[in-house]
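Numbering (the numbering used here), first residue to last: 45 to 462. Even glycine gets a Cβ: it sits at the ideal position worked out from N, Cα and C.
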Ligand code: SF4
């Protein structure tokens, strides 16, 4: 049973929208294209971050559409068709086209599912067109990956093979390493979703055991379950302990004995503990406040408390899926304050009141907090870094010790100059 105290909060939010996931998804699947149907704001967010193509025209201005609503919509369909035609003519290598919805009311009025259907008919055999929402009204940034993967699930072929499926984007090097470890344990068929090419989708069926790599894939997990797959309950593969328990869940499902499991993992665990030691010295006893953004907060808090000795003041998370998070919540210390949702002003007041040593937060909040002398870690960095698995535990800890170390150096300099 979890000893965490679960609270909910609502109010103004300060998080990235689901469009941000495109930054890592388009790198993962280079044969896919993410066409954002959005405004100039969306264009600025994504173009600067990922260099993907944006469908954004000033004629979507609300005033014009209010005046000539239906005609405006007809124009929007035509314009979208034109952009897609031009794009596919210029980029014949695109095999999957994601139409990604956004916030503006003009975009919400467009039925992107119907647009995809129509385009699929036209481009059948050449490119598959899918759609999902990356809108900031409906999604926070990691949920964009959930939407994209969920859209791919119906395209996966049926399978009767006994196989392990790792679900969630991983750095390629980490993925290779984990697959090798599972194969050494005797699990012969290990597949990944998303794949490295959007058209190489793994098959799925009742003999598919799923290990979630990321904690924010609620809808994808549900869609895979509907296809017959079994979701293995486990903590997430962050840190030594989490990664071990995550692998253990697969070992158990595939009937692998403890002796072989320990024989293969123990040398890695010993080495990882050694590598973690210097960072534990920096992090131990430091007080941590996690603001909600990526949904990685609970697994990170568990790792930083149990393996690095940090003290948890508050663990925020944008959404809390109890079923997926149960194994993580069980590992948190008694009475850990876990807050689902956000009222950014109230949370910042609590941060100031508690004066933590480190705050994990979005980029927009980091600068003002740093200016007040509070060390911060951007949560977005954690979705771009190879942090999964036993071998990566020290790198993960290093990401958190870096801002504390920098803070110490700055303090020393200030003392010397005083
Ligand atoms: S929050 Fe909405 S308008 Fe802003 S970039 Fe994201 S999808 Fe576009």
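Beta-carbon proximity of residue i to residue j, cut-off 8 Å
i: residue 305; j: residue 440; result: no
i: residue 73; j: residue 177; result: no
i: residue 202; j: residue 236; result: no
i: residue 146; j: residue 179; result: yes
i: residue 167; j: residue 78; result: no
i: residue 264; j: residue 190; result: yes
i: residue 255; j: residue 276; result: yes
i: residue 425; j: residue 409; result: no
i: residue 370; j: residue 47; result: no
i: residue 218; j: residue 144; result: no
i: residue 172; j: residue 199; result: yes
Nearest candidate by alpha-carbon position, reference residue i, set the options
i: residue 67; options: 315, 128, 185 and 162; result: 185
i: residue 325; options: 418, 446, 216 and 225; result: 446
i: residue 387; options: 240, 336, 47 and 433; result: 336
i: residue 253; options: 196, 267, 274 and 244; result: 274
i: residue 412; options: 158, 396 and 425; result: 396
i: residue 225; options: 455, 450, 435 and 448; result: 435
i: residue 245; options: 323, 175 and 194; result: 194
i: residue 366; options: 451, 260, 318 and 331; result: 260
i: residue 414; options: 423, 424 and 403; result: 403
i: residue 234; options: 208, 228 and 438; result: 208
i: residue 159; options: 432, 126 and 330; result: 126
i: residue 170; options: 199, 354 and 140; result: 140
i: residue 317; options: 450, 438 and 123; result: 438
Whole-angstrom C-beta distance between residue j and residue i, which should lie under 8 Å
i: residue 385; j: residue 59; result: About 11 Å; that fails the 8 Å criterion.
i: residue 358; j: residue 333; result: 5 Å
i: residue 362; j: residue 391; result: At roughly 12 Å, the Cβ-Cβ gap does not stay under 8 Å, so residue 362 and residue 391 are not in contact.
i: residue 69; j: residue 90; result: In fact, because the Cβ distance is near 11 Å, the residues do not count as touching under 8 Å.
i: residue 278; j: residue 289; result: 6 Å
i: residue 211; j: residue 257; result: 6 Å
Cβ-heavy atom distance, residue i to the ligand SF4, below 7 Å
i: residue 148; result: yes
i: residue 82; result: yes
i: residue 179; result: yes
i: residue 89; result: yes
i: residue 69; result: no
i: residue 85; result: yes
i: residue 63; result: yes
Residue i Cβ short of 7 Å to the ligand SAM heavy atom set
i: residue 308; result: Only the ligand SF4 can be found as ligands here, which leaves the ligand SAM out of the picture.
Tell me the start and end of each unbroken beta strand (DSSP E) in the stretch 339-370 that is at least 3 residues and wholly inside, in chain order. 355-361
Entirely within the stretch 203-244 and at least 3 residues each: give me those beta strand (DSSP E) ranges in chain order. 207-211 and 234-237
Just list the alpha helix (DSSP H) runs in the stretch 388-427, keeping only unbroken ones of 4 residues or longer that don't cross its boundaries, in chain order. 388-398 and 407-415
Can you list, in chain order, the stretches of the alpha helix (DSSP H) that have 4 or more residues and sit fully within the stretch 166-206? 187-196
Quick one: which unbroken alpha helix (DSSP H) runs of 4-plus residues sit fully inside the stretch 253-296? Chain order, please. 262-270
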